[in-house]
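**Student:** The structure's right below; bear with me while I get my questions together.
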Amino acid sequence: MGKKPLAVVISLDVEEEGLFSGSYPREGAGLSNIARLRKLAFLPRDFGLPLTFLCDYPVAVDPASGETILDLVSRVGGEIGAHLHPWNTPPFPDMPWPEPVSTAVMPLEVFRAKLATLQQVVTAFAGAPAVSFRMGRWNLFKRAMAVLPEVGFLVDSSVAPLRHVPNGPDHFLAPADPYWLRPAGPEGKRLLEAPTTQVPLVPGTPRLAHALAKRLPPKAGNAVLGGFMKTGTLGVNPVWMPEATMRLAVRTHVRRGGRVITLFWHSSELLPGASPHFPDEEAATAFLAKVRRFADWLRRTFDVRGTTLKGLAGPAFSWPDRSSPATRPCSTGDWGC
57 MGKKPLAVVI
67 SLDVEEEGLF
77 SGSYPREGAG
87 LSNIARLRKL
97 AFLPRDFGLP
107 LTFLCDYPVA
117 VDPASGETIL
127 DLVSRVGGEI
137 GAHLHPWNTP
147 PFPDMPWPEP
157 VSTAVMPLEV
167 FRAKLATLQQ
177 VVTAFAGAPA
187 VSFRMGRWNL
197 FKRAMAVLPE
207 VGFLVDSSVA
217 PLRHVPNGPD
227 HFLAPADPYW
237 LRPAGPEGKR
247 LLEAPTTQVP
257 LVPGTPRLAH
267 ALAKRLPPKA
277 GNAVLGGFMK
287 TGTLGVNPVW
297 MPEATMRLAV
307 RTHVRRGGRV
317 ITLFWHSSEL
327 LPGASPHFPD
337 EEAATAFLAK
347 VRRFADWLRR
357 TFDVRGTTLK
367 GLAGPAFSWP
377 DRSSPATRPC
387 STGDWGC
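The sequence shown begins at 57 in our numbering and counts up by one.
So, in structure tokens, the structure goes:
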């Protein structure tokens, strides 16, 4: 019996250091982690898994960082996309909320202007505008999602199914595989949503947990969804999940008809001491070994096709169109049409 086909996306939030401290400086954060992206060249070289570099503003305007990323892309391929940290991306109008300002309340003209700035600096160093996008801190509400196609984005990967952040966007019930949206923009351009891969251990339980949380007071509801995220969810993020869980997540997803897994982690997680998960060189090296073992297992277990986020929107793939009420009613969450 042949191996089942599986598309694999490895997407990286390429960004400055210091974010795991909970502070949001406008400037001055370090970028020494970017050089360590070279340690990931084995993924495209040895396993045929191209990297999608989602670069934020400080990275895009730093010549040394841009040189590192362009060198990697020229040698082993990949895609350069965009990652918005609104607290350090101009313009900076006065707003009555502390950083990071949520896209639930940020004026859309401010959000649109920050996206335009990000596109300009990515274009300047990469030679072309970004097509793929991820929002910093996963804070992409539906009203903001609708703006992305206006500034040239075709693929978004800001939705993390089964993940709950109090006062954050509701992405809990989003599908695990990509799907097409048609945001309510003036030109009606489509957007492909490519969620990071999280699936329930038991089918049907997310809707039960979500419905229960909606009926409870906010504190109790947050506890229900947060508990489900920790105990009822399987995922492939190599920072968050043990290897056994990652393998079970992939097998479960494919058995239920899933056709793609989307991994992500942060560039700063490659730098010893820049995140709580990897305090020293030994821990960072062990992480790279874990990623290598997982990539090798994927190749041995499935008929793997490595692709970038942009590649998911190409003619080789056909995804459900959730923009039509005839195919599926629009979700009340922040992941739907």
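We put the CB at the ideal spot given by N, CA and C, even for glycine. Every value quoted in this text rests on a predicted model; they were computed, and no experiment measured them.
CA-CA distance, residue 370 and residue 247?
**Tutor:** Residue 370 and residue 247: Cα-Cα distance of roughly 12 Å.
**Student:** Does the Cβ of residue 297 have 16 or more other Cβ atoms within 10 Å, making it buried, or fewer, making it exposed?
**Tutor:** Buried: at least 16 other Cβ atoms inside 10 Å.
**Student:** Below 7 Å CB to CB, which residues in the same chain sit around residue 323 once its five sequence neighbours on both sides are set aside?
**Tutor:** 68, 69, 70, 71, 89, 90, 93
**Student:** Between which two residues does the beta strand (DSSP E) holding residue 79 run?
**Tutor:** No beta strand (DSSP E) contains residue 79, which DSSP labels as neither H nor E.
**Student:** In terms of DSSP beta bridges, what is residue 162 paired with?
**Tutor:** In DSSP, residue 162 forms no bridge with anything.
**Student:** On the DSSP bridge list, what partners appear for residue 336?
**Tutor:** Per DSSP, none; premise fails for residue 336.
**Student:** Considering only the alpha carbon of each residue, which of 194, 199, 192, 172 lies closest to residue 186?
**Tutor:** 172
**Student:** So what's residue 256 in DSSP terms, helix, strand or just coil?
**Tutor:** strand
**Student:** How close, in whole Å, do the beta carbons of residue 59 and residue 350 come, if the pair is a contact with beta carbons under 8 Å?
**Tutor:** With 8 Å as the limit, residue 59 and residue 350 do not qualify as a contact, their Cβ atoms being about 16 Å apart.
**Student:** Mind checking whether residue 364 and residue 106 have CB atoms under 9 Å apart?
**Tutor:** yes
**Student:** So, using beta-carbon positions, are residue 255 and residue 229 closer together than 9 Å?
**Tutor:** No, Cβ-Cβ distance for residue 255 and residue 229 is not below 9 Å.
**Student:** In angstroms with no decimal places, state the Cα-to-Cα distance between residue 123 and residue 335.
**Tutor:** 27 Å
**Student:** List the endpoints of the continuous beta strand (DSSP E) containing residue 361.
**Tutor:** 359-362
**Student:** Where does the unbroken alpha helix (DSSP H) through residue 98 begin, and where does it stop?
**Tutor:** 98-103
**Student:** For residue 241, which residues from the same chain have a beta carbon less than 8 Å from its beta carbon, with the 5 sequence-adjacent residues on both sides left out?
**Tutor:** Model confidence at residue 241 stands at a pLDDT of 49, short of 50, so the residue's coordinates are unreliable; what they give is reported in the following sentence. These residues qualify, in order along the chain: 202, 203, 205, 206.
**Student:** Under the three-state reduction of DSSP, which class applies to residue 211: helix, strand or coil?
**Tutor:** Reduced to three states, the DSSP call for residue 211 is strand.
**Student:** Alpha carbon to alpha carbon, how far is residue 281 from residue 85? Give it in angstroms, no decimals.
**Tutor:** 33 Å
**Student:** For residue 352, which residues from the same chain have a beta carbon less than 8 Å from its beta carbon, with the 5 sequence-adjacent residues on both sides left out?
**Tutor:** 103.
**Student:** Our contact map puts residue 219 next to residue 227 with C-beta atoms below 8 Å; I'd like the distance itself, whole angstroms only.
**Tutor:** 6 Å
**Student:** Could you give the first and the last residue of the continuous beta strand (DSSP E) run that contains residue 132?
**Tutor:** Element bounds for residue 132: not the beta strand (DSSP E) but the alpha helix (DSSP H), 119-132.
**Student:** If you draw a straight line from the C-alpha of residue 191 to the C-alpha of residue 377, how long is it?
**Tutor:** Note on geometry: alpha-carbon atoms of residue 191 and residue 377 lie some 22 Å from one another.
**Student:** Just the C-alpha distance for residue 76 and residue 232, rounded to the nearest angstrom, thanks.
**Tutor:** 26 Å
**Student:** Does the count of Cβ pairs from the segment 122-139 and the segment 147-167 closer than 8 Å reach three?
**Tutor:** When C-beta atoms of the segment 122-139 are compared with those of the segment 147-167, fewer than three pairs fall below 8 Å, so the two segments do not count as touching.
**Student:** Can you tell me whether DSSP reads residue 138 as helix, strand or coil?
**Tutor:** strand
**Student:** Assign residue 109 to one of two classes, buried (16 or more other C-beta atoms within 10 Å of its C-beta) or exposed (fewer than that).
**Tutor:** buried
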